[in-house]
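To start, the structure itself, in structure tokens.
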Amino acid sequence: MEGKDNHTTDVIIIGAGPVGLFAVFELGLLDLKATLVDILDKPGGQCAELYPEKPIYDIPALPTVTGQELTDRLMEQIKPFDPTFHLGQMVESLAREGDVWKLTTDEGVELRAPVIVIAAGGGSFTPKKPPIAGIEAYEGKSVFYAVRKMETFRDKHLVIAGGGDSALDWSLNLQPIVKKLTLIHRRDDWRAAPDSVRRMKELVAAGKMELVIGNITGIKGDNGQVEAITTDKGDLVCDRFLAFYGLTMKLGPVANFGLNLHENLISVDTEKFQTSEAGVFAIGDICHYPGKLKLILSGFHEGALMAQEAFRICRPNQKLRFQYTTSSSDLQKKLGVA
Amino acid sequence: MKVIATDQNGVRHELEAIEGWRIMEILRDYGLPIKAECGGCCCCATCHVYVDEKWIPKLYPPKPEEEDLLADAVDTKPNSRLSCQLLMSAELDGIEVTLAESARP
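Line by line, the protein sequences give chains A and B.
So for the first sequence, the numbering used here puts the first residue at 42; every next one is plus one.
So for the second sequence, the numbering used here puts the first residue at 5; every next one is plus one.
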């Protein structure tokens with residue numbers, strides 16, 4: 042089956058954090074096209090998700106740069122190479138198919154390339170479970186930690202928990218289609234875009250949704266079907282519960298790719314940053330070799346060396362020529378500056 | 005200057021600490037099982053420790069962000085703290101902490 046997003050390219054990069062993004066640049070200088078897959082709905086990885094506003098002080102030549110600024114600058118730097126992004130998708134499997142690798146995402150997208158680069162940092166971001174005893178019995182039935190299909194919530198009595206952008210955005214997006222909506226958060230203090238908070242409060246003032254400032258104490262229900270979320274402000278009757286308690290990182294399906302691992306990290310050589318499978322590379326925080334340092338700058342270096350071998354695999358009949366961006370008119374043309 | 009850390013398996017470790025270091029960084033430096041996935045940004049709760057009661061009065065109280073993160077952790081107790089928010093000082097020489105199960109990598 043050939044879906045519209047299915048395609049074949051030179052290199053597929055798993056993870057669109059700073060190291061995955063810079064790898065696009067190094068591959069691009071060698072005329073290799075890259076496609077990136079990331080479970081987050083935006084590029085930047087940990088820099089964008091965990092600390093967009095925190096300054097980083099150890100990026101060469103940038104005495105101080107925030108996680109988001111670094112992401113934005115890398116996006117600008119790789120723009121000439123026009124990479125394809127598959128965001129909000131998790132890589133589920135990797136299999137050899139003749140001369141190429143076939144990678145399948147949880148949305149059923151099939152991508153093929155002779156080279157795979159795992160730049161997945163600390164692993165894939167997955168939702169944190171709320172600290173509610175017995176909630177596992179309801180997960181995937183009436184309790185969710187992410188919205189995959191909005192229809193799941195149509196005409197339902199929905200309770201949303203959390204005080205960040207996800208809780209606010211989904212309150213605003215789902216309010217028009219649910220029967221009743223209650224948002225519960227511990228304090229009247231929000232880690233979300235001020236405009237979203239303002240719009241939520243307008244809906245509350247207009248009687249279109251309810252806001253409860255309180256603490257969740259438990260869950261009531263039967264056979265996976267939630268009937269109420271219990272709180273110190275009384276029971277919130279509902280038949281769907283959405284909890285947004287932030288994200289944590291787990292190695293995820295990468296652990297099942299059959300690669301040699303070293304304590305949840307992928308073992309690579311330090312010449313090509315290749316894993317135990319030819320054509321599969323690992324760079325950045327997720328790779329391991331003697332002396333490895335989990336620094337963004339180390340990941341940049343690893344990406345540059347990986348790209349040399351990726352070229353040899355993708356273009357076996359062409360000669361690899363090492364050139365500098367300062368002097369090569371060929372590279373400058375690729376960068377759009379010549 | 006010392007930090008006395010008990011890991012999730014009940015093993016006691018006496019760690020040499022450095023003034024001004026975050027306790028999370030000292031635990032990590034000695035290779036104790038602590039995830040600390042956000043790297044000290046006070047935006048996860050994977051450096052969660054229990055501080056021995058007698059040391060609590062010597063600590064700066066938690067900021068609201070730290071309280072929020074601890075409230076969302078599964079194994080929070082009244083003496084829970086995020087070790088990235090605890091800076092070593094002479095006053096804390098000998099502080100005893102126990103690593104929470106939820107901080108395991």
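All residues carry an ideal CB built from backbone N, CA and C; glycine is no exception.
Rounded C-beta distance between residue i and residue j? I'm assuming under 8 Å.
i	j	result
Val188 of chain A	Leu277 of chain A	With a Cβ gap of about 19 Å, Val188 of chain A and Leu277 of chain A do not count as contacting.
Gln216 of chain A	Lys249 of chain A	6 Å
Thr271 of chain A	Ile260 of chain A	7 Å
Gly262 of chain A	Lys274 of chain A	Not confirmed; about 19 Å, so no contact.
Ile159 of chain A	Ile257 of chain A	That pair is no contact at about 37 Å.
What residues of chain A sit near residue i, judged by a beta carbon separation below 8 Å?
i	result
Val78 of chain B	Lys170, Pro172
Ala94 of chain B	Per Cβ cutoff of 8 Å: no residues; Ala94 of chain B is ~27 Å from chain A at best.
Cys48 of chain B	Leu91, Gly287, Thr289
Pro82 of chain B	Going along chain A, no residue has its Cβ under 8 Å from Pro82 of chain B, so there is no contact; the nearest lies around 15 Å.
Please classify residue i as buried or exposed, where buried requires at least 16 other C-beta atoms within 10 Å of its C-beta.
i	result
Ser165 of chain A	buried
Glu43 of chain A	For Glu43 of chain A, the predicted model reports a pLDDT of 41, less than 50, meaning its position is unreliable; a value from the coordinates is still stated below. Result: exposed.
Met191 of chain A	exposed
Val378 of chain A	exposed
Ser368 of chain A	exposed
Arg281 of chain A	buried
Thr366 of chain A	exposed
Phe363 of chain A	exposed
Asp51 of chain A	buried
Ala319 of chain A	exposed
Gln130 of chain A	buried
Pro171 of chain A	buried
Pro155 of chain A	buried
Leu361 of chain A	exposed
Gly344 of chain A	buried
Glu67 of chain A	buried
Taking residue i as the query, report the chain C residues whose CB atoms sit under 8 Å from its CB, ordered along the chain.
i	result
Cys45 of chain B	The displayed structure is made up of protein chains A and B, and chain C is not among them.
By the criterion of Cβ-Cβ separation under 7 Å, what are the contact partners of residue i in chain B?
i	result
Arg290 of chain A	Inspection of the sequence shows that residue 290 of chain A is occupied by Met rather than by Arg. What Met290 of chain A touches in chain B: Glu41.
Gly163 of chain A	Glu41
I want to see whether chain A comes within less than 9 Å of residue i, judged by CB atoms only; does it?
i	result
Arg11 of chain B	Here residue 11 of chain B is Asp; the residue named in the question, Arg, does not match the sequence. Judged by the 9 Å Cβ criterion, Asp11 of chain B is not in contact with chain A.
Pro68 of chain B	yes
Val101 of chain B	no
Pro61 of chain B	no
Pro109 of chain B	yes
Glu105 of chain B	no
Using a C-beta cutoff of 9 Å, does residue i count as contacting chain B?
i	result
Gln216 of chain A	no
Gln109 of chain A	no
Asp230 of chain A	yes
Glu43 of chain A	Because Glu43 of chain A sits at a pLDDT of 41, beneath the cut-off of 50, its placement in the model cannot be relied upon, and the following sentence gives the value as read from the coordinates. Chain B, which has no Cβ nearer than 9 Å to the Cβ of Glu43 of chain A, makes this no.
Gly204 of chain A	yes
Gly149 of chain A	no
Gln266 of chain A	no
Asn411 of chain A	Only positions 42 to 379 of chain A appear in this structure, which leaves residue 411 of chain A out of reach.
Asn358 of chain A	no
Asn297 of chain A	no
Gln349 of chain A	no
Gln87 of chain A	yes
Asn301 of chain A	no
Gly58 of chain A	no
Which chain A residues are close to residue i, counting only those with a beta carbon under 7 Å from its beta carbon?
i	result
Asp72 of chain B	Arg227
Ala75 of chain B	Arg227
For the region 52–65 of chain A against the region 13–31 of chain B, do three or more pairs of beta-carbon atoms, one drawn from each stretch, fall closer than 8 Å, so that the two count as touching? no
Three or more C-beta pairs under 8 Å: does that hold for the region 87–98 of chain B against the region 19–35 of chain B? yes
Three or more C-beta pairs under 8 Å: does that hold for the region 38–54 of chain B against the region 100–109 of chain B? yes
Taking three-plus beta-carbon pairs below 8 Å as touching, is the region 45–59 of chain A in contact with the region 81–93 of chain A? yes
I want to know whether the region 120–140 of chain A touches the region 98–109 of chain A - three or more CB-CB distances under 8 Å. Too few Cβ pairs lie closer than 8 Å, so no.
With a cut-off of 8 Å, do at least 3 Cβ pairs link the region 290–309 of chain A to the region 328–343 of chain A? yes
Stretch-stretch touch, CB-based, cutoff 8 Å, three pairs: the region 193–209 of chain A with the region 219–235 of chain A: Contact between the region 193–209 of chain A and the region 219–235 of chain A is present, because at least three Cβ pairs lie under 8 Å.
Pair every Cβ in the region 105–121 of chain A with every Cβ in the region 55–75 of chain B, then say whether three or more of these pairs are closer than 8 Å. Counting Cβ pairs under 8 Å, fewer than three are found: no touch.
Segment contact, 8 Å Cβ cut-off, at least three pairs: the region 307–326 of chain A with the region 69–82 of chain B: no
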